[in-house]
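In this note's numbering, the protein residues as written are 78 to 276.
We put the CB at the ideal spot given by N, CA and C, even for glycine.
Predicted model only: the values in this text are computed from it and were never measured.
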């Protein structure tokens with residue numbers, strides 16, 4: 078059933094209130110460009126369930142991490158937030174359980190925001206998650222992964238490498254890197270040379 082604008086707006090408002098509360102509590106003190114990430118650690122600060130409907134107990138999960146310097150506990154250099162994404166969800170099931178948004182905030186505000194979208198396979202194609210990664214140079218990369226939670230179907234065979242690939246990285250021109258399925262949990266990326274057709 079398609080998702081109407083009313084629950085989208087309810088989740089958006091609840092999420093924004095939660096984000097503002099996290100920003101007040103863990104206000105970042107550094108700028109991303111000048112932060113030396115050596116001797117820092119990522120600390121999970123909060124795992125919360127945000128109510129978005131007054132008529133039911135419907136809730137969405139959200140998490141907040143801080144990046145702290147060694148020996149400077151509780152000083153938030155950067156703030157990382159993860160919450161449900163409502164902007165690209167077609168159904169409530171997708172919005173609440175699958176689509177996610179990550180944001181990195183520094184003292185100047187949001188510096189990076191990316192989403193993970195769940196794409197259900199059609200006509201026998203496998204289900205996948207799509208991560209959209211914009212770069213500072215104006216390029217955008219997309220990462221498809223076929224190992225989300227439960228195994229709905231086998232990973233697809235990537236024709237350039239002739240075997241199933243767990244991860245596929247694309248840019249605007251097409252597939253660039255593949256990580257073949259691995260039974261031992263170790264993946265290697267292989268670069269596709271589009272001009273020669275070689276790796």
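Pair within 8 Å by beta-carbon distance, residue i and residue j
i, j, result
"residue 192", "residue 209", "yes"
"residue 63", "residue 222", "Since the displayed the chain opens at 78 and closes at 276, residue 63 lies outside it and no answer follows."
"residue 118", "residue 147", "yes"
"residue 108", "residue 185", "yes"
"residue 152", "residue 111", "no"
With 16 other Cβ atoms within 10 Å as the buried cut-off, status of residue i
i, result
"residue 161", "buried"
"residue 96", "buried"
"residue 103", "buried"
"residue 114", "exposed"
"residue 256", "buried"
"residue 194", "buried"
"residue 234", "exposed"
"residue 226", "Low confidence applies here, because residue 226 scores a pLDDT of 48, under 50, leaving its location unreliable; read the following figure in that light. Exposed, since its Cβ has fewer than 16 Cβ neighbours within 10 Å."
Contact set for residue i: own chain, Cβ-Cβ below 6 Å, skip 5 residues either direction
i, result
"residue 64", "A query on residue 64 cannot be resolved here, the shown segment of the chain reaching from 78 to 276 and no further."
"residue 248", "218"
"residue 81", "none"
Among the options, the one whose alpha carbon lies nearest that of residue i
i, options, result
"residue 86", "169, 268 and 265", "169"
"residue 188", "241, 157 and 142", "157"
"residue 182", "175, 196, 176 and 154", "154"
"residue 205", "175, 127, 253 and 267", "175"
"residue 94", "120, 150, 125 and 236", "125"
Residues of its chain near residue i, where Cβ-Cβ distance is below 8 Å and the 5 sequence neighbours each way are ignored
i, result
"residue 232", "203, 223, 224, 241, 242, 243 and 258"
"residue 254", "244, 245, 246, 266, 267, 268 and 269"
"residue 116", "146 and 147"
Distance, residue j Cα to residue i Cα
i, j, result
"residue 99", "residue 141", "7 Å"
"residue 265", "residue 83", "44 Å"
"residue 91", "residue 136", "10 Å"
"residue 229", "residue 196", "Bear in mind that a pLDDT of 48 at residue 229, under 50, signals an unreliable position, so the number given afterwards is only what the model happens to contain. Going by the C-alpha atoms only, they are around 12 Å apart."
"residue 159", "residue 143", "12 Å"
"residue 238", "residue 216", "25 Å"
"residue 251", "residue 214", "18 Å"
"residue 178", "residue 139", "10 Å"
"residue 236", "residue 180", "34 Å"
"residue 190", "residue 122", "19 Å"
"residue 150", "residue 127", "27 Å"
Short CB-CB distance (under 8 Å) between residue i and chain B
i, result
"residue 211", "Among the chains in the structure shown there is no chain B, since it carries only a single protein chain."
Other residues of its chain near residue i: CB distance less than 7 Å, five sequence neighbours each side excluded
i, result
"residue 120", "142, 143 and 145"
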